[in-house]
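Before any comments, here is the structure.
Number of protein chains: 2
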Amino acid sequence: MTPRLVEVRQNVLKHNDEVARALRERFHASGVFVISLVSSPGSGKTTFLERTLTLLQPAYRVAALVGDLATENDARRLARSRAPVRQIVTGTLCHLEAAMVENALEGWSPGELDFLFIENVGNLVCPSSYDLGEDLRLILVSVTEGEDKPLKYPTIFNTSDVTIVSKMDLAEAAEFDWQALESNIQAVRPGMRVLRVSAKTGQGMDEWLEWLTALRSSAARLPGQ
Amino acid sequence: MTPRLVEVRQNVLKHNDEVARALRERFHASGVFVISLVSSPGSGKTTFLERTLTLLQPAYRVAALVGDLATENDARRLARSRAPVRQIVTGTLCHLEAAMVENALEGWSPGELDFLFIENVGNLVCPSSYDLGEDLRLILVSVTEGEDKPLKYPTIFNTSDVTIVSKMDLAEAAEFDWQALESNIQAVRPGMRVLRVSAKTGQGMDEWLEWLTALRSSAARLPGQ
Numbered sequence: 052m053t054p055r056l057v058e059v060r061q062n063v064l065k066h067n068d069e070v071a072r073a074l075r076e077r078f079h080a081s082g083v084f085v086i087s088l089v090s091s092p093g094s095g096k097t098t099f100l101e102r103t104l105t106l107l108q109p110a111y112r113v114a115a116l117v118g119d120l121a122t123e124n125d126a127r128r129l130a131r132s133r134a135p136v137r138q139i140v141t142g143t144l145c146h147l148e149a150a151m152v153e154n155a156l157e158g159w160s161p162g163e164l165d166f167l168f169i170e171n172v173g174n175l176v177c178p179s180s181y182d183l184g185e186d187l188r189l190i191l192v193s194v195t196e197g198e199d200k201p202l203k204y205p206t207i208f209n210t211s212d213v214t215i216v217s218k219m220d221l222a223e224a225a226e227f228d229w230q231a232l233e234s235n236i237q238a239v240r241p242g243m244r245v246l247r248v249s250a251k252t253g254q255g256m257d258e259w260l261e262w263l264t265a266l267r268s269s270a271a272r273l274p275g276q
Numbered sequence: 052m053t054p055r056l057v058e059v060r061q062n063v064l065k066h067n068d069e070v071a072r073a074l075r076e077r078f079h080a081s082g083v084f085v086i087s088l089v090s091s092p093g094s095g096k097t098t099f100l101e102r103t104l105t106l107l108q109p110a111y112r113v114a115a116l117v118g119d120l121a122t123e124n125d126a127r128r129l130a131r132s133r134a135p136v137r138q139i140v141t142g143t144l145c146h147l148e149a150a151m152v153e154n155a156l157e158g159w160s161p162g163e164l165d166f167l168f169i170e171n172v173g174n175l176v177c178p179s180s181y182d183l184g185e186d187l188r189l190i191l192v193s194v195t196e197g198e199d200k201p202l203k204y205p206t207i208f209n210t211s212d213v214t215i216v217s218k219m220d221l222a223e224a225a226e227f228d229w230q231a232l233e234s235n236i237q238a239v240r241p242g243m244r245v246l247r248v249s250a251k252t253g254q255g256m257d258e259w260l261e262w263l264t265a266l267r268s269s270a271a272r273l274p275g276q
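Top to bottom, those sequences are chains A and B.
In this text, residue positions in the first sequence follow the numbering used here: the first is 52, and each later residue adds one.
In this text, residue positions in the second sequence follow the numbering used here: the first is 52, and each later residue adds one.
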């Protein structure tokens, strides 16, 4: 990048960080736990999120924001869960920014929610640098993508908290090598938690939701949260 | 984006177009046919390219450039084809630019090649706007990514010439819907050629290579090429 482009980009990031910080304070004050999702296009974020919203709803108040370049398809798919969903259309932008989340929340009261999910644009590069004020960032990797993704996209793994290995139902057909992926994740981000799921068959979804709801409960008990 | 960021970005793109134009003239003058590949991370570009290089080599002189953020893994994989391969490490940049291609070619004589392949960074957004001087841009979509990708990433489909549907060996396991993908491609880019392959089983590779070599022959006969 040219030095001027770097400078302008740094200002954009600094502004984003300020908006994200304000968002995070607002989320904490109102008691909503916020989870963002990043991945390649086609890793199964929307299917995983639809299933998560559906399974959480009997007990929790949930909602979702979903970012996409050009369509509202994902919002329509997620709406089948009957949770409130809003689409953020980013145009040519390959990531969400905190200000877009802030705008999309207009008229909503986060205090009425237990969980808010934010599905980012499908991209393993651009979303890395943009804090959205979330409590937890998930990175999804499907078993069909190859086990080398953490090594090839280390920054986004480093800015994420948990890896969700998706499409486990295709593991055998894709000759998925669990040991290789796990060791590549740990090489890039030692100690990272990794969960394996299939949103299609339901495999691993109970474990994921138990872990998530426990995390929310313990976060709520922390001073200053 | 801020107006200033838009302005700086337009200057970067204008400069890229100039470098790409010069590259294209140089490629045409030396008779090398240049193909670039774009896709999501994990769509199978490297496996497809390794197989393509291997199958073309008995009859043609081939080489490849491969872009990645952080590793030289893909260059190592492609080197198994015994074709000359060079890695371009892009750092945090989510696409290749024409100047990177120009630099990577230093010391190579394109006139000694029949085909040059350029594998872009895995990304369905960033590479759209950057001309690399190629004759043909392929977009790969694997059967496991979902049939909605053309609707969600229309710009990159519009700047590509051919869609390669990859990992056809997983089509049944993934419940891939060929009609849905084909109709979404045609909705975004009417008349686009679509080829279905599995680099793993070899399905569709003959058809792809016959088509590619015929295209190169006819391009060589065009005046001004």
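Glycine included, every Cβ here is placed at the ideal spot set by N, Cα and C.
7 Å Cβ cut-off: residues of chain B touching residue i
| i | result |
| --- | --- |
| Pro-109(A) | Those within 7 Å of Pro-109(A) in chain B number zero; the least Cβ separation is about 28 Å. |
| Ala-224(A) | Leu-221, Ala-224 |
| Thr-143(A) | Thr-206 |
Under 7 Å by beta carbon: chain A residues contacting residue i
| i | result |
| --- | --- |
| Thr-196(B) | Checking the sequence, you will find Glu at residue 196(B) rather than Thr. Residues of chain A passing the Cβ test: Pro-92, Gly-93. |
| Asn-174(B) | Asn-174, Val-176 |
| Ala-134(B) | Ordered by position in chain A, no residue passes the 7 Å Cβ test against Ala-134(B), which lies about 20 Å from the chain. |
| Asp-199(B) | Asn-124 |
For residue i, three-class secondary structure by DSSP
| i | result |
| --- | --- |
| Arg-131(B) | coil |
| Ser-217(A) | strand |
| Gln-237(B) | helix |
| Leu-144(B) | coil |
| Val-63(A) | helix |
| Asp-257(B) | helix |
| Val-245(A) | strand |
| Val-176(A) | coil |
| Asn-124(A) | helix |
| Gly-275(B) | With a pLDDT of only 47 at Gly-275(B), under the threshold of 50, the placement of this residue in the model should not be trusted; the figure read from the coordinates follows. Of the three classes helix, strand and coil, the one that applies to Gly-275(B) here is coil, per DSSP. |
| Trp-262(B) | helix |
| Ala-270(A) | helix |
Residue range of the unbroken beta strand (DSSP E) whose run includes residue i
| i | result |
| --- | --- |
| Leu-104(A) | Unbroken run through Leu-104(A) is the alpha helix (DSSP H), 96-107; no beta strand (DSSP E). |
| Phe-166(B) | 166-170 |
| Ala-114(B) | 113-119 |
| Ser-211(A) | Segment: none, Ser-211(A) is in no beta strand (DSSP E) and carries neither H nor E. |
| Val-89(A) | 84-90 |
| Leu-189(A) | 187-193 |
Residue nearest to residue i in terms of C-alpha spacing, selected from the options
| i | options | result |
| --- | --- | --- |
| Gly-82(A) | Asp-68(A), Pro-161(A), Ala-115(A) | Pro-161(A) |
| Glu-261(A) | Ala-110(A), Val-59(A), Arg-60(A) | Ala-110(A) |
| Lys-203(B) | Lys-65(A), Gln-237(A), Asn-124(A) | Asn-124(A) |
| Val-245(A) | Asn-154(A), Asn-235(A), Ser-180(A) | Asn-235(A) |
| Phe-208(B) | Ala-231(B), Asp-119(B), Ala-114(B), Pro-178(B) | Pro-178(B) |
| Ile-139(A) | Asn-67(A), Asn-154(A), Thr-195(A), Val-57(A) | Asn-154(A) |
| Pro-205(B) | Gly-118(A), Met-151(A), Ala-270(A), Thr-122(A) | Thr-122(A) |
| Trp-259(A) | Ala-150(A), Glu-170(A), Ser-217(A), Val-57(A) | Ser-217(A) |
| Gly-242(B) | Thr-264(B), Asp-199(B), Thr-214(B) | Thr-214(B) |
| Glu-223(B) | Pro-201(B), Gln-237(B), Ser-249(B) | Ser-249(B) |
| Asp-220(A) | Ala-238(A), Ala-231(A), Gly-255(A) | Gly-255(A) |
| Glu-163(A) | Leu-120(A), Ala-114(A), Val-176(A) | Ala-114(A) |
| Pro-201(A) | Arg-240(A), Trp-229(A), Ala-150(A) | Arg-240(A) |
| Ser-211(B) | Thr-143(B), Glu-198(B), Gln-237(B), Glu-226(B) | Gln-237(B) |
| Ser-269(B) | Phe-84(B), Gln-61(B), Arg-77(B) | Phe-84(B) |
| Leu-129(B) | Trp-159(B), Ala-225(B), Phe-168(B) | Phe-168(B) |
Proximal chain B residues relative to residue i, where beta-carbon distance stays under 8 Å
| i | result |
| --- | --- |
| Arg-55(A) | Val-59 |
Endpoints, alpha helix (DSSP H) assigned at residue i
| i | result |
| --- | --- |
| Val-17(A) | The question about residue 17(A) has no answer here: the residues shown for chain A are numbered 52 through 276. |
| Leu-202(A) | 200-203 |
Heavy atom of the ligand PLP within 7 Å of residue i beta-carbon
| i | result |
| --- | --- |
| Lys-96(A) | Within the structure as shown, the ligand PLP is missing, as the structure has no ligands at all. |
Within chain A, the residues that residue i reaches when beta carbons sit closer than 9 Å
| i | result |
| --- | --- |
| Leu-120(B) | Leu-175, Val-176, Lys-203, Tyr-204, Pro-205, Thr-206 |
| Ser-193(B) | Gly-93, Thr-195, Glu-196 |
Within chain B, partners of residue i - CB distance below 9 Å
| i | result |
| --- | --- |
| Lys-218(A) | Thr-195, Ala-225 |
Exercise. Below 8 Å, can you find three or more Cβ-Cβ pairs linking the region 95-108 of chain B to the region 58-74 of chain B?
Worked result: no
For this session: Count the C-beta pairs between the region 126-141 of chain A and the region 181-190 of chain A that are closer than 8 Å, then say yes if the count reaches three, no if not.
Result: no
Exercise. At a cut of 8 Å, does the region 188-197 of chain B reach the region 110-125 of chain B through at least three beta carbon pairs?
Worked result: no
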